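Read in UniProt numbering, the sequence shown has 273 at position 273, and its numbers run on one by one without any break.
By construction, the Cβ of each residue, glycine as well, lies at the ideal position given by its N, Cα and C atoms.
Source: prediction; values computed, not measured.
First the structure, in the form of structure tokens, and then the observations on it.
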Amino acid sequence: MTVGAGISVSDAKLMVLGSCVLSDVHGNVEITPASFINGAFIGVKSDQIGSHRVFPIGKLEGLRFMCCFRFKMWWMTQRMGTCGQEIPFETQFLVVEAKDGSHFGDGENQSALYVVFLPILEGDFRAVLQGNEQNELEICLESGDPAVNGFEGSHLVFMAAGSDPFDVITNAVKNVEKHLQTFSHRDRKKMPDMLNWFGWCTWDAFYTDVTAEGVKQGLESLEKAGIPPKFIIIDDGWQSVGMDPTSVEFKADNCANFANRLTDIKENHKFQKDGKEGHRVEDPALGIRHIVSEIKDKHDLKYVYVWHAITGYWGGVKPGVAEMEHYESKIAYPISSPGVKSNEGCGCLTSLMSNGLGLVNPEKVFNFYNELHSYLSSAGIDGVKVDVQNILETLGAGHGGRVKLARKYHQALEASIARNFPDNGIISCMSHNTDGLYSAKRSAVIRASDDFWPRDPASHTIHIASVAYNTIFLGEFMQPDWDMFHSLHPMAEYHGAARAVGGCAIYVSDKPGQHDFNLLKKLVLPDGSILRAKLPGRPTRDCLFSDPARDGKTLLKIWNLNDYTGVVGAFNCQGAGWCKVGKKNLIHDESPGTVTGFIRAKDVDYLSKVASDGWNGDAVVYSHLAGIYRISITHIMLSFLFSFS
Numbered sequence: 001m002t003v004g005a006g007i008s009v010s011d012a013k014l015m016v017l018g019s020c021v022l023s024d025v026h027g028n029v030e031i032t033p034a035s036f037i038n039g040a041f042i043g044v045k046s047d048q049i050g051s052h053r054v055f056p057i058g059k060l061e062g063l064r065f066m067c068c069f070r071f072k073m074w075w076m077t078q079r080m081g082t083c084g085q086e087i088p089f090e091t092q093f094l095v096v097e098a099k100d101g102s103h104f105g106d107g108e109n110q111s112a113l114y115v116v117f118l119p120i121l122e123g124d125f126r127a128v129l130q131g132n133e134q135n136e137l138e139i140c141l142e143s144g145d146p147a148v149n150g151f152e153g154s155h156l157v158f159m160a161a162g163s164d165p166f167d168v169i170t171n172a173v174k175n176v177e178k179h180l181q182t183f184s185h186r187d188r189k190k191m192p193d194m195l196n197w198f199g200w201c202t203w204d205a206f207y208t209d210v211t212a213e214g215v216k217q218g219l220e221s222l223e224k225a226g227i228p229p230k231f232i233i234i235d236d237g238w239q240s241v242g243m244d245p246t247s248v249e250f251k252a253d254n255c256a257n258f259a260n261r262l263t264d265i266k267e268n269h270k271f272q273k274d275g276k277e278g279h280r281v282e283d284p285a286l287g288i289r290h291i292v293s294e295i296k297d298k299h300d301l302k303y304v305y306v307w308h309a310i311t312g313y314w315g316g317v318k319p320g321v322a323e324m325e326h327y328e329s330k331i332a333y334p335i336s337s338p339g340v341k342s343n344e345g346c347g348c349l350t351s352l353m354s355n356g357l358g359l360v361n362p363e364k365v366f367n368f369y370n371e372l373h374s375y376l377s378s379a380g381i382d383g384v385k386v387d388v389q390n391i392l393e394t395l396g397a398g399h400g401g402r403v404k405l406a407r408k409y410h411q412a413l414e415a416s417i418a419r420n421f422p423d424n425g426i427i428s429c430m431s432h433n434t435d436g437l438y439s440a441k442r443s444a445v446i447r448a449s450d451d452f453w454p455r456d457p458a459s460h461t462i463h464i465a466s467v468a469y470n471t472i473f474l475g476e477f478m479q480p481d482w483d484m485f486h487s488l489h490p491m492a493e494y495h496g497a498a499r500a501v502g503g504c505a506i507y508v509s510d511k512p513g514q515h516d517f518n519l520l521k522k523l524v525l526p527d528g529s530i531l532r533a534k535l536p537g538r539p540t541r542d543c544l545f546s547d548p549a550r551d552g553k554t555l556l557k558i559w560n561l562n563d564y565t566g567v568v569g570a571f572n573c574q575g576a577g578w579c580k581v582g583k584k585n586l587i588h589d590e591s592p593g594t595v596t597g598f599i600r601a602k603d604v605d606y607l608s609k610v611a612s613d614g615w616n617g618d619a620v621v622y623s624h625l626a627g628i629y630r631i632s633i634t635h636i637m638l639s640f641l642f643s644f645s
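Put into structure tokens, the structure is as follows:
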């Protein structure tokens, strides 16, 4: 039976437009046509129930693929391969390169066919993909609550295929949007204006020791040199928190104490006017409002954001505190899914599993967010960076499962944001699970990779590659945020160039007095605005299935559009990657050497969309370092050979 976009199962083969993508397909696998949309759903028949089930689908062999999987509970990264056993646990996005075997193909020179697999949500269950030692692609289905064990199983993975990888991915996500009706595509979301301005974040400058005085120092330091930030993120360290008497402190270097819980929605003494530790200032004018008003007036700041965890703080909301009792928080103990456990152990999760987390009653969580955000809004705060979001997946037991709990929290969060921050002022962080992505109707900005780690030399090339490949998937839901970086750092130009083509906000976390203003002037205009590209920056088509971090030869190219032009950034990301054995960033080649590749005008996949109607394909190529090279009269096939050490 052929359904959807030429998708069928015949003779135990999953065929897509005449090309075999999976062989030895199991007999309980069902293909269901997608009603009114182009594509099909993969499901399974099963008489067994359970809150965690794994179903083999069929063998993937001899075809190149790229997938995005969660290598940490919080974050995704990319993996490339050619067979099923190379597909990791917790794979949330998969694209396979096949050949168009339909009658539209041209014999031996068959065009590439891009087949997209999107494991989605069905009822109270979440599906992900993984491979086994027999090269079989498997569907892992999980509810997160032992009491939630019955599932339908007919719409677990959405499939689509086409000749343009970016179009087929976009259309696939939009089709899932129509099917689920629980989230919105990026195109339909309001982008906060802070994306268009240069910013500064307090995190690396002060970590949790941030103070109101430190905030002023950081802004003054940048403004004196003519690089005025127009938005600021006051990161972790402004809130009122405390430990339970029985909790065990867990504090890694330059990190928060994960055992702390929120004790008040208002700021701590460091952000009160003349504040003293242990003394509560009741007058709102003497709270965080005083510093927000001062820095906005003095530095002409447009936007001030503050940080908080989706559960209030890392350890949640502290039960038994008079000011917080009406949120009805109770200590819950996170339970991680098997797939996450197999990919990475996490110190934060270990601490929370030991100390527990004060989880606000899901029926009261809107009240919690609304009271927190209305207080912040009244103080002049314009938005929030909401962190630690994926922790919700570990707390579904007793609440109807992970999907139901996540949706309840995200609906409440977005309703509060809409009420209190009219510019849609939210940055989602530590949020790379599909529980949240497929439940986000309004949230429009998402941190796209693990943190910028200034003191980890292995992390920088990994960071750029991970963001670029994650964006292929995440960029369909929200505008990816490439994170802060340091302007005065051995890898500063590398990070800055990536953000210049990323279509993202540009913000640094420099310590006061530690800046490279020559670099910043390449990124920031005198009025504090930035020339932000129009789209999420993604790898060029010829990079999709090559590993720019591990194969020793591939040049990572990232493309984007401006109003009238295209842009391509080229990066040598070789030499380091996430080690699946050691569970850490690892330099596997201390001297990866020079990488050589071609950069072509056609690398900008949508260049025709910004050209005039009469465009004949000619292009002028301009290099940031070398100026204009030449004018192409070869219909966007112009190419230059570049080498990057």
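Inter-residue distance for Phe198 and Phe231 is about 7 Å (C-alpha atoms, whole angstroms). Selection Thr182, Asn343 and Ser51 evaluated against Val581 yields Asn343 as nearest (Cα-Cα). Each residue's CA atom was taken as its position, placing Phe206 and Gly150 some 48 Å apart.
Contact between the stretch 405 to 422 and the stretch 361 to 378 is established, with three or more Cβ pairs separated by less than 8 Å. Rounded to whole angstroms, the separation of the alpha carbons of Leu359 and Thr461 is 37 Å.
Between Cys140 and Val54, the alpha-carbon positions lie close to 4 Å from each other.
Contact holds between the stretch 478 to 486 and the stretch 495 to 509, because three or more Cβ pairs, one in each stretch, are under 8 Å apart. Here Arg455 is exposed: its Cβ has fewer than 16 other Cβ atoms, across all protein chains shown, within 10 Å. The Cβ atoms of Met66 and Phe545 lie closer than 7 Å to each other.
Distance between Ser449 and Ser466, taken at the CA atoms: about 6 Å.
Per DSSP, reduced to three states, the secondary structure at Phe271 is helical. The distance from the Cβ of Pro338 to that of Tyr409 is about 23 Å, inconsistent with a contact at the 8 Å cut-off.
Annotated as distal: Leu535 and Asn572, with beta-carbon spacing of 7 Å or more. The Cβ neighbour count for Val620, taken over all protein chains shown within 10 Å, is under 16; the residue is labelled exposed. The three-state secondary structure of Pro536, taken from DSSP, is coil. The beta strand (DSSP E) runs of length 3 or more contained entirely in the stretch 34 to 100 are, from start to end of the chain, 40 to 44, 52 to 59, 61 to 70, 76 to 83 and 91 to 99. With at least 16 other beta carbons inside 10 angstroms of its own, Gly39 counts as buried. With a threshold of 16 other beta carbon atoms within 10 Å, Pro119 meets it and is buried. Annotation note: the stretch 443 to 477 contains the following uninterrupted beta strand (DSSP E) runs of length 3 or greater, listed N- to C-terminal: 445 to 447.
Taking all protein chains in view, the Cβ of Ile427 is crowded by 16 or more other Cβ atoms within 10 Å, so the residue is classified as buried. Nearest in C-alpha terms to Tyr114, of all of His185, Asp164 and Gly593, is Asp164. Its chain contains Gln272 and Lys273 as the residues whose beta carbon lies nearer than 7 Å to that of Leu286, once the 5 sequence neighbours on both sides are disregarded; these appear in chain order. Straight-line spacing of the CA atoms in Gly218 and Gly278 works out to 26 Å. With contacts defined as CB atoms closer than 7 Å, Val567 and Asp603 fail to qualify as a contacting pair.
Taken atom to atom, the span from the alpha-carbon of Asp618 to that of Asp100 is near 29 Å. A distance of 7 Å or more separates the beta carbons of Leu301 and Tyr369.
Put simply, of Lys59, Ile37 and Pro146 the residue whose alpha carbon is nearest the alpha carbon of Gly401 is Pro146. Along the stretch 281 to 328, the beta strand (DSSP E) occurs as fully enclosed runs of 3 or more residues at 303 to 309, listed in sequence order. One thing to note: Ile291 has its Cβ no nearer than 7 Å to the Cβ of Ala458. DSSP links Met484 through a beta bridge to no other residue. Assigned with DSSP and collapsed to three states, Phe545 falls in coil, not helix or strand.
Restricting attention to beta strand (DSSP E) runs no shorter than 3 residues, the stretch 351 to 400 encloses them at 357 to 359 and 383 to 387, ordered along the chain. Put simply, the stretch 82 to 90 does not touch the stretch 3 to 17. Fewer than three CB pairs are less than 8 Å apart. Positions of the beta strand (DSSP E) runs, each at least 3 residues long and wholly inside the stretch 491 to 532, are given as 506 to 508 in order along the chain.
In the DSSP annotation of this structure, the continuous segment of the alpha helix (DSSP H) that includes Phe166 starts and ends at Pro165 to Leu180.
Secondary structure at Met15: strand, using DSSP grouped into helix, strand and coil.
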